[in-house]
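> Mind having a look at this structure? Questions to follow.
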Amino acid sequence: MRATAAALVLFGLAGCAAPGDDVPPTPDAPYAVVLGTAQDAGIPQIACPCDRCAAAREDSAARRLVTSVLIADPRSGRRFLLDASPDLAEQVERARPHPPGRRPPPGRPPLFDAIFPTHAHAGHYTGLLELGNEAYGADGQRVVATPRMAAFLRANDPWRFLVERGFVVLEELPLETEIALADDLTLEALPVPHRDEHSDTVAFVVRGPARALLYLPDIDKWDRWDRRLEDILADVDVALVDGTFFADGEIPGRAMDQIPHPFIEETIARLKALPEDVRAKVVFTHLNHTNPAADPASDAARTVREAGMAVAEEGQTFGLGGGATRARESAGEHRGAR
Ligand SMILES: [Zn+2]
Ligand SMILES: [Zn+2]
Ligand SMILES: [Zn+2]
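Be aware that the sequence shown starts at 150, since it is given in the numbering used here, and climbs by one per residue.
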């Protein structure tokens with residue numbers, strides 16, 4: 150009964166959508182929930198005196214947790230986490246209602262059916278430490294990582310210790326191969342060029358029964374990739390992409406070619422000739438504290454909206470099932486059932 154009430158609240162509220170939520174979640178299909186939208190260091194960033202970080206310390210609405218996405222499947226109660234950020238403890242709380250009706254067994258069961266880290270930079274995997282004895286003490290949390298990332302975790306403390314003691318059960322994720330999360334839900338890791346000091350770096354394509362989502366938080370530059378962003382956009386319905394920086398010169402006194410990312414300005418320019426419905430798939434995430442688009446009232450955020458794109462917001466959801474019609478029908482069924 151409680152689960153039904155939770156489902157009604159979640160799916161009933163789906164109409165109050167943030168930008169990009171063109172297909173709200175429905176009880177009969179998997180969906181994605183944005184759990185974090187900041188670069189690895191979050192907003193505010195540690196000890197940073199900049200105005201945006203100062204504002205975020207004053208006003209929690211201006212804070213941004215580190216990038217992470219939940220894939221929830223209300224049909225099975227299963228759920229999967231893309232990236233284990235240093236904000237994992239807070240993100241586990243925010244993930245608590247997803248999917249509705251999920252009933253974890255007592256004890257310290259795995260928090261997710263699997264965790265998929267994109268790479269070994271601080272924002273994307275250090276949350277795994279929360280699974281160890283000092284914190285949650287997970288009973289065999291499945292972590293699925295590329296062979297190179299898995300080798301890094303297996304060989305280096307404190308990750309090695311988590312695996313050795315069974316807090317983490319490590320599995321290898323083959324590149325460019327769809328693996329099944331359900332009969333009609335798959336995940337594929339696409340290698341992307343990035344500063345690969347400890348591991349390689351991947352983006353994920355998650356395909357649901359009717360819609361697909363790209364999660365690509367870090368890449369050096371679009372033209373260093375052996376794939377074309379345009380081709381991927383043709384193939385998915387939502388693309389959460391690297392929006393670390395808005396424009397060159399954003400970090401005073403630091404050569405930005407040493408920390409390459411596609412500037413949001415560059416992505417907008419690259420995609421500006423595409424049809425409106427394709428541009429509407431683009432949602433920027435992984436925002437650095439220097440990125441003016443992190444403030445929805447900024448000129449930069451307006452530029453993103455005028456380009457027909459969006460900046461990701463925490464709590465934003467993307468249905469991976471049928472179209473809007475199906476979503477509306479499903480909402481109607483729920484009302485009828487009351
Ligand atoms: Zn990152
Ligand atoms: Zn700052
Ligand atoms: Zn990175």
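The C-beta atom is built at its ideal place from N, Cα and C for all residues, glycine as well.
Everything numeric in this text was worked out from a predicted model, so none of it was measured.
Taking the alpha-carbon positions, what's the E415 to P254 distance?
Position 266 of the sequence shown, counted from the first residue, corresponds to residue 415. Position 105 of the sequence shown, counted from the first residue, corresponds to residue 254. Each residue's alpha carbon lies about 47 Å from the other.
> Indicate the three-state DSSP secondary structure (helix, strand or coil) for A269 in the structure shown.
As a first step, residue 269 is located in the sequence shown; it is residue number 120 there, counting from the start. Residue state, collapsed to three classes: coil.
> Let me know the beta strand (DSSP E) ranges lying completely inside the stretch 368 to 394, each 3 residues or longer, listed in chain order.
Counting only runs of 3 or more, we get 387 to 391.
> I believe P173 touches G468 by the beta-carbon criterion, under 8 Å. Please report the beta-carbon distance rounded to the nearest angstrom.
For the purposes of this step, residue 173 is taken as residue 24 along the sequence shown, with counting starting at 1. For the purposes of this step, residue 468 is taken as residue 319 along the sequence shown, with counting starting at 1. The Cβ separation is near 6 Å, so the contact holds.
> Sorted by chain position, which residues of the same chain lie with C-beta nearer than 6 Å to S348's C-beta, five sequence neighbours on each side aside?
Mapped onto the sequence shown, residue 348 falls at position 199. Here the set comprises H268, A269, R297, M298, F301.
> Considering L420, what are the terminal residues of the alpha helix (DSSP H) in which it resides?
Residue 420 sits at position 271 when you count from the first residue of the sequence shown. Note, L420: alpha helix (DSSP H), 413 to 420.
> Please write down, chain order preserved, every residue whose beta carbon lies under 6 Å from a heavy atom of ligand 4.
Absence of ligand 4 from the depicted structure is noted, with ligand 1, ligand 2 and ligand 3 being the only ligands included.
> Rounded to whole angstroms, how far is the Cβ of T466 from the Cβ of Y274, which I believe are closer than 8 Å?
In the sequence shown, residue 466 corresponds to position 317, counting from 1. In the sequence shown, residue 274 corresponds to position 125, counting from 1. With 8 Å as the limit, T466 and Y274 do not qualify as a contact, their Cβ atoms being about 24 Å apart.
> The beta strand (DSSP E) with Q290 in it runs from where to where?
Along the sequence shown, read from residue 1 onward, the residue named residue 290 stands at position 141. That run of the beta strand (DSSP E) goes 290 to 294.
> Mind checking E337: buried by the 16 CB within 10 Å criterion, or exposed?
Position 188 of the sequence shown, counting from 1, holds the residue named residue 337. Answer is buried; the Cβ neighbour count reaches 16.
> Mind checking K421: buried by the 16 CB within 10 Å criterion, or exposed?
As a working mapping, residue 421 is identified with position 272 in the sequence shown. Answer is exposed; the Cβ neighbour count stays below 16.
> Tell me which residues share the same chain as L201 and place their Cβ nearer than 7 Å to its Cβ, disregarding the 5 neighbours each side in the sequence.
Position 52 of the sequence shown holds residue 201. For the record, residue 201 in the displayed sequence is Arg; it is not Leu. I192, H438, A443, D444, listed in sequence order.
> Is any beta-carbon of chain D found at less than 9 Å from that of A383?
The structure shown contains no chain D; it holds only a single protein chain.
> State the start and end residues of the unbroken alpha helix (DSSP H) segment that holds F310.
Position 161 of the sequence shown, counting from 1, holds the residue named residue 310. Where F310 is concerned, the enclosing alpha helix (DSSP H) stretches over 308 to 313.
> According to DSSP, what are the bridge partners of L285?
Counted from its first residue, the sequence shown places residue 285 at position 136. The question names Leu, yet the displayed sequence has Tyr at residue 285. Its beta-bridge partners do not exist; DSSP assigns none.
> Where A476 and T175 are concerned, what is the direct C-alpha to C-alpha distance, given to the nearest angstrom?
The residue you call residue 476 lines up with position 327 of the sequence shown. The residue you call residue 175 lines up with position 26 of the sequence shown. Because the pLDDT of A476 is 33, which lies under 50, any placement of that residue in the model is unreliable, and the number read from its coordinates should be weighed accordingly. For A476 and T175, the distance between alpha carbons rounds to 6 Å.
> For A154, collect the residues of the same chain with a Cβ closer than 7 Å to its Cβ; drop the 5 residues on either side in sequence, then sort them by chain order.
What you label residue 154 is simply residue 5 of the sequence shown in a count that begins at 1. Note on A154: pLDDT 49, under 50, position unreliable in the model; the coordinate value appears next. Closer than 7 Å at Cβ, skipping near neighbours: no residue.
> Which stretch, first to last residue, makes up the alpha helix (DSSP H) that contains T452?
Walking along the sequence shown from the start, residue 452 turns up at place 303. Where T452 is concerned, the enclosing alpha helix (DSSP H) stretches over 448 to 455.
> Straight-line CA distance for D222 to A459?
By one-based count along the sequence shown, residue 222 stands at place 73. By one-based count along the sequence shown, residue 459 stands at place 310. Looking at the two C-alpha atoms, the distance is approximately 25 Å.
> Let me make sure I understand the geometry here. Which of R377, D386, D380 has the alpha-carbon closest to that of V149?
Examination of residue 149 is not possible in this model, given that the chain is present from 150 through 487 alone.
> Just to check, is the beta-carbon of H268 closer than 8 Å to a non-hydrogen atom of ligand 3?
In the sequence shown, residue 268 corresponds to position 119, counting from 1. Checking every heavy atom of ligand 3 against the Cβ of H268, one is found closer than 8 Å.
> So is the beta-carbon of T350 under 8 Å away from any non-hydrogen atom of ligand 3?
Numbered from its first residue, the sequence shown carries residue 350 at position 201. Yes, the Cβ of T350 comes within 8 Å of a heavy atom of ligand 3.
> Taking buried to mean at least 16 other C-beta atoms within 10 Å of its own C-beta, is R127 buried or exposed?
Lying outside 150 to 487, the shown extent of the chain, residue 127 is not represented and no answer is given.
> Measuring from the CB of R344, is there a heavy atom of ligand 3 at a distance below 8 Å?
Here the question's residue 344 lines up with position 195 in the sequence shown. The answer is yes for R344.
> Could you say if the stretch 301 to 318 and the stretch 365 to 382 meet the contact criterion of at least three C-beta pairs nearer than 8 Å?
At 8 Å Cβ cutoff, the stretches do not touch.
> Taking all protein chains shown into account, do 16 or more other C-beta atoms lie within 10 angstroms of the C-beta of G398, making it buried, or fewer, making it exposed?
For the purposes of this step, residue 398 is identified with residue 249 of the sequence shown, where counting begins at 1. By the neighbour-count rule (16 or more Cβ atoms within 10 Å), G398 is not buried but exposed.
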